[in-house]
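Peer 1: Residue numbers (our numbering): 1411 to 1912.
A virtual CB, placed ideally from N, CA and C, is assigned to each residue, including glycine.
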Amino acid sequence: MSLLIYNSYSRKKEVFESITPGHVGMYVCGPTVSGESHLGHARPYISFDVVFRFLQSKNFKVRYVRNITDAGHFEEEGREAEDKVSTKAQLEKLEPMELVQKYTNLFHWAMKEFNCIEPSIEPTATGHIVEQIVMIEDIIAKGYAYVVNGSVYFDVKKYAASHDYGKLSGRIIDELLDSNNREELSRDLEGQAEKRDATDFALWKAAPPEHIMRWKSPWGEGFPGWHIECSAMATKYLGASFDIHGGGMDLQFPHHESEIAQSTICNHCNPVKYWMHNNMITINGRKMGKSYNNVIKLTELFSGNHPLLSQPFHPMTIRFFILQSHYRSPLDFSNDALIASEKAFKRLWEAYEHLKKLPIGTNDTPDDVELDAKVNNWVLQFEEFMNDDFSTPKVIANMFEIAPVINSLKDGLIKLNAIKSSTLILMKEKFTLFLEEIFGLKSIDAASNEILQPVMELLLEIRKEAKTNKDFATSDKIRNQLTAMGIAIKDEKDGNTSWNIV
RNA sequence: GGUCCUGUGGCCGAGUGGCUAGGCAGAGCUCUGCAAAAGCUUCCACAGCGGUUCGAAUCCGCUCGGGACCUCCA
1411 MSLLIYNSYS RKKEVFESIT PGHVGMYVCG PTVSGESHLG HARPYISFDV VFRFLQSKNF
1471 KVRYVRNITD AGHFEEEGRE AEDKVSTKAQ LEKLEPMELV QKYTNLFHWA MKEFNCIEPS
1531 IEPTATGHIV EQIVMIEDII AKGYAYVVNG SVYFDVKKYA ASHDYGKLSG RIIDELLDSN
1591 NREELSRDLE GQAEKRDATD FALWKAAPPE HIMRWKSPWG EGFPGWHIEC SAMATKYLGA
1651 SFDIHGGGMD LQFPHHESEI AQSTICNHCN PVKYWMHNNM ITINGRKMGK SYNNVIKLTE
1711 LFSGNHPLLS QPFHPMTIRF FILQSHYRSP LDFSNDALIA SEKAFKRLWE AYEHLKKLPI
1771 GTNDTPDDVE LDAKVNNWVL QFEEFMNDDF STPKVIANMF EIAPVINSLK DGLIKLNAIK
1831 SSTLILMKEK FTLFLEEIFG LKSIDAASNE ILQPVMELLL EIRKEAKTNK DFATSDKIRN
1891 QLTAMGIAIK DEKDGNTSWN IV
């Protein structure tokens, strides 16, 4: 069965066919490392990590490029052309590269916590200034950019005359161009005056004297525009046209629209076959963002140190929470929703642990034909759902359908030969594949450490003896004290006792 | 103002015109020395008003509400 991907460019689901059979080139806009990542940032990187993993499971050789934006972003484009990174650096009295390194490290740490596989290539904007300059020169040579006072701007009007600028973001170019004359948009921004048209965007900005991050260029010292870095790096590592470009919905315009324009002029072809955009994470119905002052940083989420949070949340809980909704749907954050996800995830993972331990028999004829068929169907739908534009919530729903069956098998409420041995093997195989390898989830349990393990065994043995002697005072004392210490114990149906750190 | 998306039960969230999404919370029962967990059962729903249809949460229109983008943004 083929993979369907919703292409933002065509606004419909399309059958995925990679440009080079067996290989996939995927570019995802990475973080701007001028500050700490927040919950909103987690979504694209987790969503596209799953895309990456799923494509690999389908035996594609994927080159996954995710950049680090460590220069070139404008805090407020046009108003005061300033480099975001250098602004912050002056504030914190750090060397710009020191700041960039700090937040890059923090970002990498968070990605590791989320169990995101590292991209194949993680290029930095500052490491590709030359490529960007070459690309800008090319655009100028082809007549689609002009130089003013040491800055270079892309000529949108000229480009739009022969290309469909605005298609990706559903923008109507005439209205954008008209908006030049509209009062509410003529904000009379500094630097705006240099542009021939308000819709033109900067490829290169001349650096004012106080600007720390600056590079020599044919147009004087300056720094690159925001959009050119992605075009330059994507072209360098994935070629003139590649398969998948991902990022947040909020990047569609102007960032991705401009990327298309730049690359199209340089390479004479549409750079991207499938555009994928994840929706936003909202908080009380509002997009999480600095301008709204409603961000929850990842460090706060993991530590629980935030007024909106009642407790710390494990990175896997966040990952599961994100996977419980479809990547193109808005996802509303709340403390309660996260608590619900945490419980749900723990329950599902526990069932998975039980599944792994179920013994495989040699039963070819199921006692319960109906159940056997149902389970088979649920499991086989995992891939079907993923093939339908990565419908992770549906896969999870099916896993929850199967969880009671697993628990019942484990407790003997359903006999093992109710289902075929091959069905059980299939369950084990697919749960591991989808839960661990594709969804990238792993146990939330604080790893039971080596010293604790034998101590617990001893304690539980003593408790078992007490129980056998009907000395419930002792057995309850052990249980209650352990509970107070944060260790929960459960008497299983088979007479054994399991434990875990809460 | 323009473009687009969206409105599902106490909460979060799937839903491709006809068949129980799922999770969390609530209620009851079973198992259990008691717990916890688990299992079973169960309550609560498709913003409103029209229309298309044998049949709509699902398609169309209108109204009301929410949001995103149009400026840095995941």
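Enumerate in chain order the residues of its own chain whose CB-to-CB distance from Met-1866 is below 7 angstroms, with the five nearest sequence positions on each side excluded.
Peer 2: Hits under 7 angstroms: Trp-1909.
Peer 1: Beta-carbon within less than 8 angstroms of Thr-1692's beta-carbon, same chain only, minus the 5 sequence neighbours each way: which residues are those?
Peer 2: These residues qualify, in order along the chain: Met-1698, Pro-1740, Leu-1741, Asp-1742 and Phe-1743.
Peer 1: Please list, in chain order, all residues of the same chain as Asp-1778 whose beta carbon is under 8 angstroms from its beta carbon, the five residues on each side excluded.
Peer 2: Within the same chain, Asp-1778 has close Cβ partners Ile-1824, Ala-1828 and Ile-1829.
Peer 1: Quick one: what's got a C-beta closer than 7 angstroms to Ser-1751's C-beta in the same chain, skipping five residues either side?
Peer 2: Here the set comprises Thr-1727, Phe-1730, Phe-1731 and Gln-1734.
Peer 1: Measure the beta-carbon distance from Asp-1798 to Leu-1465 and round it to whole angstroms, keeping in mind my assumption that it falls under 8 angstroms.
Peer 2: Their Cβ separation, rounded to whole angstroms, is 15 angstroms, which puts Asp-1798 and Leu-1465 out of contact at 8 angstroms.
Peer 1: Please state the DSSP three-state secondary structure of Val-1789.
Peer 2: Looking at Val-1789 - three-state DSSP - the assignment turns out to be helix.
Peer 1: Out of curiosity, what's the CA-to-CA distance linking His-1448 and Pro-1441?
Peer 2: Roughly 11 angstroms separates the two Cα atoms.
Peer 1: According to DSSP, is Phe-1462 helix, strand or coil?
Peer 2: In this structure, Phe-1462 counts as helix in the three-state DSSP scheme.
Peer 1: Among the candidates Lys-1852, Phe-1524 and Val-1495, whose CA atom is the shortest distance from the CA of Lys-1756?
Peer 2: Out of Lys-1852, Phe-1524 and Val-1495, Lys-1852 has the C-alpha closest to the C-alpha of Lys-1756.
Peer 1: Distance check for Asp-1459 and Val-1495, CA to CA, integer angstroms please.
Peer 2: Val-1495 and Asp-1459: Cα-Cα distance of roughly 26 angstroms.
Peer 1: Can at least three beta-carbon pairs, one atom from the region 1679-1693 and one from the region 1652-1668, be found at a separation below 8 angstroms?
Peer 2: The region 1679-1693, when compared against the region 1652-1668, does touch it at the 8 angstroms Cβ threshold.
Peer 1: If we count Cβ pairs, one from each stretch, closer than 8 angstroms, do we get three or more for the region 1668-1678 versus the region 1540-1554?
Peer 2: Cβ pair count under 8 angstroms is three or more, so yes.
Peer 1: Among residues of its own chain, excluding the 5 on either side of Ser-1831, which ones have a beta-carbon nearer than 8 angstroms to its beta-carbon?
Peer 2: Closer than 8 angstroms at Cβ, skipping near neighbours: Ile-1770, Gly-1771, Thr-1772, Asn-1773 and Asp-1774.
Peer 1: So, helix, strand or coil for Pro-1454, using DSSP?
Peer 2: It is helical.
Peer 1: Comparing alpha-carbon positions, which option in Gly-1632, Leu-1765 and Asn-1808 lies nearest Lys-1784?
Peer 2: Of the candidates Gly-1632, Leu-1765 and Asn-1808, the one whose C-alpha sits nearest the C-alpha of Lys-1784 is Asn-1808.
Peer 1: Thinking C-beta only, is His-1666 closer than 7 angstroms to Leu-1578?
Peer 2: Yes, the pair counts as a contact, with Cβ atoms nearer than the cut-off.
Peer 1: Please work out which residues of its chain come closer than 7 angstroms, Cβ to Cβ, to Asn-1745, disregarding the five sequence neighbours upstream and downstream, and give them in chain order.
Peer 2: Closer than 7 angstroms at the Cβ level, and outside the excluded window around Asn-1745, lie Leu-1718, Leu-1719 and Ser-1720.
Peer 1: Leaving out five residues on either side along the sequence, give the residues of the same chain with a beta carbon under 8 angstroms from the beta carbon of Leu-1826.
Peer 2: Cβ neighbours of Leu-1826 beyond the five flanking positions: Leu-1768, Pro-1769, Gly-1771, Asn-1773, Leu-1819 and Leu-1834.
Peer 1: Among Glu-1532, Ala-1898 and Phe-1652, which residue has its Cα nearest to the Cα of Asn-1477?
Peer 2: Nearest option by C-alpha distance: Glu-1532.
Peer 1: DSSP state of Glu-1584, grouped into three classes?
Peer 2: Note on residue identity: the sequence assigns Asp, not Glu, to residue 1584. Of the three classes helix, strand and coil, the one that applies to Asp-1584 here is helix, per DSSP.
Peer 1: Would His-1764 and Ile-1816 qualify as a contact pair, given that the criterion is a beta-carbon distance under 7 angstroms?
Peer 2: Their beta carbons are under 7 angstroms apart, which means His-1764 touches Ile-1816 by this criterion.
Peer 1: Between the region 1631-1644 and the region 1526-1540, are three or more C-beta pairs nearer than 8 angstroms?
Peer 2: Yes, since at least three Cβ pairs between the region 1631-1644 and the region 1526-1540 fall closer than 8 angstroms, the two stretches touch.
Peer 1: Please determine if the region 1418-1427 and the region 1699-1706 are in contact, where contact requires at least 3 C-beta pairs separated by less than 8 angstroms.
Peer 2: The region 1418-1427, when compared against the region 1699-1706, does not touch it at the 8 angstroms Cβ threshold.
Peer 1: Please state if the CB of Asn-1525 and the CB of Gly-1850 are separated by a distance shorter than 7 angstroms.
Peer 2: Closer than 7 angstroms, so yes.
Peer 1: Mind listing, in chain order, the continuous beta strand (DSSP E) runs of no fewer than 3 residues lying wholly within the region 1817-1905?
Peer 2: Runs found: 1897-1901.
Peer 1: Within 10 angstroms of the Cβ of Ile-1429, are there 16 or more other Cβ atoms? Answer buried if so, exposed if not.
Peer 2: The residue in question, Ile-1429, is exposed, as its Cβ has fewer than 16 Cβ neighbours within 10 Å.
Peer 1: What does the Cβ neighbour count give for Ser-1444, buried or exposed, with the cut at 16 atoms within 10 Å?
Peer 2: Answer is buried; the Cβ neighbour count reaches 16.
Peer 1: Determine the direct distance from the alpha carbon of Lys-1766 to that of Glu-1839, and round the result to whole angstroms.
Peer 2: Roughly 9 angstroms between the two C-alpha positions.
Peer 1: Check the C-beta distance from Tyr-1416 over to Phe-1652 and give it rounded, since I have them as a contact under 8 angstroms.
Peer 2: Their Cβ separation, rounded to whole angstroms, is 18 angstroms, which puts Tyr-1416 and Phe-1652 out of contact at 8 angstroms.
Peer 1: Flag this pair as yes or no: are the beta carbons of Gly-1632 and Ala-1650 separated by less than 7 angstroms?
Peer 2: No; because the gap between Cβ atoms is not below 7 angstroms, this pair is not in contact.
Peer 1: Would you tell me roughly how many angstroms separate the C-alpha atoms of Ala-1520 and Ser-1457, rounded to the nearest one?
Peer 2: Roughly 15 angstroms between the two C-alpha positions.
Peer 1: Whole angstroms are fine: how far does the CA of Val-1805 sit from the CA of Glu-1523?
Peer 2: In a straight line, the C-alpha of Glu-1523 is about 23 angstroms away from that of Val-1805.
Peer 1: Consult DSSP for Arg-1738 and reduce its assignment to one of helix, strand or coil.
Peer 2: DSSP places Arg-1738 in coil when its eight states are reduced to three.
Peer 1: Would you mind giving the Cβ-Cβ distance between Val-1475 and Tyr-1647, rounded to the nearest angstrom? I have them listed as a contact below 8 angstroms.
Peer 2: Right, their Cβ atoms sit about 5 angstroms apart.
Peer 1: With C-beta atoms as the reference, is Ile-1539 less than 7 angstroms away from Trp-1625?
Peer 2: Yes.
Peer 1: Which residue from Trp-1629, Ser-1530 and Ser-1885 puts its Cα closest to that of Tyr-1556?
Peer 2: Closest by alpha carbon: Trp-1629.
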